[in-house]
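S.K.: Residue numbers (full-length UniProt numbering): 1 to 575.
We put the CB at the ideal spot given by N, CA and C, even for glycine.
All values reported here derive from a predicted model rather than from experimental measurement.
(1) Residue 324 to residue 490, Cα distance in whole Å?
(2) Is residue 260 buried or exposed, if buried means 16 or more other CB atoms sit within 10 Å of its CB?
(3) Can you tell me which of the three DSSP states residue 558 falls into?
(4) Cα separation between residue 66 and residue 110?
(5) Quick one: what's got a C-beta closer than 6 Å to residue 269's C-beta in the same chain, skipping five residues either side?
(6) Just reading off the alpha helix (DSSP H) that residue 220 is part of, what are its end residues?
(7) If you draw a straight line from the alpha carbon of residue 616 to that of residue 192, how long is it in whole angstroms?
(8) Can you list the alpha helix (DSSP H) stretches of 4 or more residues lying completely in the stretch 292-319, in chain order?
(9) Indicate whether residue 141 and residue 75 have their beta-carbon atoms separated by less than 8 Å.
(10) Residue 520: buried (16+ other C-beta within 10 angstroms of its C-beta) or exposed?
(11) To which residues of the same chain is residue 576 closer than 6 Å at the C-beta, ignoring the five residues directly before and after it?
(12) Suppose you measure from the CA of residue 432 to the CA of residue 425; what does that come to, to the nearest Å?
(13) Does the stretch 201-213 come close enough to the stretch 244-257 that 3 or more CB-CB pairs lie under 8 Å?
(14) Assign residue 483 to one of three DSSP states: helix, strand, or coil.
(15) Flag this pair as touching only if the stretch 389-402 and the stretch 430-449 have three or more C-beta atom pairs under 8 Å; answer yes or no.
(16) Can the beta-carbon of residue 51 be found less than 8 Å from the beta-carbon of residue 218?
(17) Considering only C-alpha positions, which residue in the set 304, 258 and 231 is nearest to residue 279?
(18) By the three-class DSSP mapping on this structure, what secondary structure does residue 397 have?
(19) Comparing C-alpha positions only, which one of 408, 414 and 416 sits nearest to residue 447?
(20) May I have the straight-line CA-CA distance separating residue 105 from residue 84, to the nearest angstrom?
(21) Out of curiosity, what's the CA-to-CA distance linking residue 436 and residue 393?
(22) With a Cβ-Cβ cutoff of 8 Å, do residue 561 and residue 552 count as a contact?
(23) What did DSSP end up calling residue 506 once you bin it into helix, strand or coil?
(24) Along the chain, where does the alpha helix (DSSP H) that runs through residue 433 open and close?
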């Protein structure tokens with residue numbers, strides 16, 4: 001049996017939200033052994049819960065609200081607004097303790113405010129009742145210009161938008177002022193002097209207006225509070241961040257697509273310059289959302305959006321980098337050009353991963369350009385092509401030159417390609433002048449000539465800062481003349497080389513002909529000599545055969561008796 005002494009240690013688990021294992025020592029102190037930590041991201045991946053009203057959830061409650069007098073309706077709406085912002089209504093017994101407001105309570109109160117706006121009218125609730133003024137003071141405690149000013153703001157804030165309904169032009173009743181709240185739980189580092197619950201409640205009201213009221217609330221909330229929703233994504237309080245993310249998503253979903261170029265896009269691009277990484281990540285998510293809600297407007301803004309998002313690909317935070325890649329792919333896929341659509345994933349991957357630039361150029365090499373190439377298409381392709389022209393291997397530079405040449409022939413207007421002239425023209429000149437292989441230099445000159453024709457006067461005017469049409473025309477003419485002169489020089493050298501090769505070929509053919517004639521003559525002489533020798537040999541053989549048949553020797557004497565005239569007694573005597 002085990003004995004218990006003073007040195008015995010007992011392990012016990014303390015019940016808590018976070019599971020923590022502690023060790024009890026003889027001194028009675030608790031020593032932490034291990035604890036689970038919350039993820040550092042803080043960004044929620046699930047869908048936001050639906051907004052459900054509480055006080056105005058039934059038709060009878062709504063009818064009762066409509067039956068109140070004008071002043072009573074204002075009081076009732078402001079009480080709901082205070083509940084949404086974490087405060088108690090005005091007519092409440094403060095001597096009795098009350099439970100602290102939770103996010104769920106504030107969400108239901110915000111939904112009640114939205115239902116009131118839907119039934120009583122959005123202008124009445126937001127302007128006459130002072131709800132919009134209350135939300136403004138909670139989200140912009142120092143005023144919009146102070147909170148989002150570029151010169152004074154050192155926390156990476158946003159620039160205010162020119163809303164159709166300016167906050168300074170709202171006709172708000174001075175008597176409908178909001179009660180002063182405590183400053184406990186504020187983001188002091190970010191210069192926020194209002195409670196986190198009040199800011200969360202304001203964001204929940206905005207979201208409820210977007211989801212429950214709809215298009216009638218759009219002029220009052222999109223332009224006025226989108227910047228605040230983006231800025232609050234960097235709050236130190238998790239509930240405020242979640243409310244800000246949900247509100248920003250609801251605002252983007254509600255906004256008219258035509259508001260993107262002048263209203264939404266500048267705010268999102270400004271958010272990408274924030275020092276808070278959560279603000280940048282949320283802005284990138286909203287850009288990806290805009291690619292779905294307003295694809296045509298996003299496509300028209302690609303030359304402005306792509307450079308801004310590309311800068312975030314190299315952010316130190318992995319969450320921002322991942323969101324930048326996703327957002328870049330989403331906005332690039334809004335481009336309707338069917339020629340480059342299959343290569344867009346490879347091009348975006350090359351932007352995020354420069355080592356894959358050659359793979360993207362290979363994809364583009366197999367592209368046949370048929371549709372007119374406009375500014376959005378050029379904004380997708382030109383950064384990757386410019387990087388490909390800086391590759392070490394000459395074969396990669398040749399591929400980029402071929403793509404640029406094919407692409408430039410179908411450029412719609414000089415204004416479309418003018419912003420990308422400084423990106424491609426210098427690199428093409430370097431390739432045409434410094435590459436060792438003549439074939440690649442020739443491809444670079446072809447691409448430069450096609451690109452120069454596509455640019456027209458636009459590139460020179462942009463490069464010279466629009467100093468004058470005459471100067472631009474002269475500079476452009478000089479540039480075109482240099483390109484033409486270089487092409488003529490290369491053509492003349494090629495022609496001279498061809499003529500030299502032709503002369504050498506003719507000389508070699510003449511030498512081959514003479515050599516062939518000489519060999520034929522020699523072969524004929526050899527044949528005649530062989531024929532002569534054959535005849536002589538045949539004659540000699542004939543003579544030998546005749547000599548064998550004759551009785552006379554070579555001296556004319558008889559081979560039997562040895563006399564020139566044989567005796568009668570000789571065997572060869574013939575009479």
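M.R.: Checking against the coordinates, here is how it stands:
(1) On the chain shown, position 324 is the one that residue 324 refers to. On the chain shown, position 490 is the one that residue 490 refers to. Going by the C-alpha atoms only, they are around 45 Å apart.
(2) Locating residue 260 in the chain shown gives position 260, where the first residue counts as 1. The Cβ neighbour count for residue 260, taken over all protein chains shown within 10 Å, is at least 16; the residue is labelled buried.
(3) Taking the chain shown and counting its residues from 1, the one referred to as residue 558 is at position 558. Here residue 558 sits in strand by DSSP.
(4) By 1-based counting over the chain shown, the position of residue 66 is 66. By 1-based counting over the chain shown, the position of residue 110 is 110. C-alpha separation (whole angstroms): 18 Å.
(5) For the purposes of this step, residue 269 is taken as the residue at position 269 of the chain shown. Within the same chain, and ignoring the five residues on either side of residue 269 in sequence, the residues whose Cβ sits closer than 6 Å to its Cβ are 308.
(6) As a position in the chain shown, residue 220 is number 220, starting the count at 1. Counting along the chain, the alpha helix (DSSP H) containing residue 220 begins and ends at 218-231.
(7) As shown, the chain starts at 1 and ends at 575. That puts residue 616 outside it, with no answer to give.
(8) Runs found: 295-300 and 302-310.
(9) Counting from 1 along the chain shown, the entry for residue 141 is found at position 141. Counting from 1 along the chain shown, the entry for residue 75 is found at position 75. Taking 8 Å as the Cβ cut-off, residue 141 and residue 75 do not qualify as a contacting pair.
(10) Position 520 of the chain shown holds residue 520. So residue 520 counts as exposed.
(11) Because the chain here runs from 1 to 575, residue 576 falls outside it and cannot be looked at.
(12) By one-based count along the chain shown, residue 432 stands at place 432. By one-based count along the chain shown, residue 425 stands at place 425. So the alpha carbons of these two residues sit roughly 11 Å apart.
(13) Note that the stretch 244-257 touches the stretch 201-213; at least 3 beta-carbon pairs, one per stretch, sit closer than 8 Å.
(14) Locating residue 483 in the chain shown gives position 483, counting from the first residue. Residue 483 falls in the helix class under three-state DSSP.
(15) Flag = yes, the stretch 389-402 and the stretch 430-449 touch.
(16) Taking the chain shown and counting its residues from 1, one reaches residue 51 at position 51. Taking the chain shown and counting its residues from 1, one reaches residue 218 at position 218. The beta carbons of residue 51 and residue 218 sit no closer together than 8 Å.
(17) Looking up residue 279 in the chain shown gives position 279. For residue 279, the nearest C-alpha among the options comes from 231.
(18) Translated into positions along the chain shown, residue 397 becomes position 397. In the structure shown, residue 397 sits in a helix (DSSP, three-state: H, G or I).
(19) Numbered from its first residue, the chain shown carries residue 447 at position 447. Distances from the alpha-carbon of residue 447 to those of 408, 414 and 416 put 408 closest.
(20) Position 105 of the chain shown, counted from the first residue, corresponds to residue 105. Position 84 of the chain shown, counted from the first residue, corresponds to residue 84. Roughly 7 Å separates the two Cα atoms.
(21) Reading the chain shown from its first residue, position 436 is the one you call residue 436. Reading the chain shown from its first residue, position 393 is the one you call residue 393. C-alpha separation (whole angstroms): 11 Å.
(22) One-based indexing of the chain shown puts residue 561 at position 561. One-based indexing of the chain shown puts residue 552 at position 552. Going by C-beta atoms, residue 561 is not nearer than 8 Å to residue 552.
(23) Mapped onto the chain shown, residue 506 falls at position 506. Here residue 506 sits in helix by DSSP.
(24) As a working mapping, residue 433 is identified with position 433 in the chain shown. First-last of the alpha helix (DSSP H) with residue 433: 421-434.
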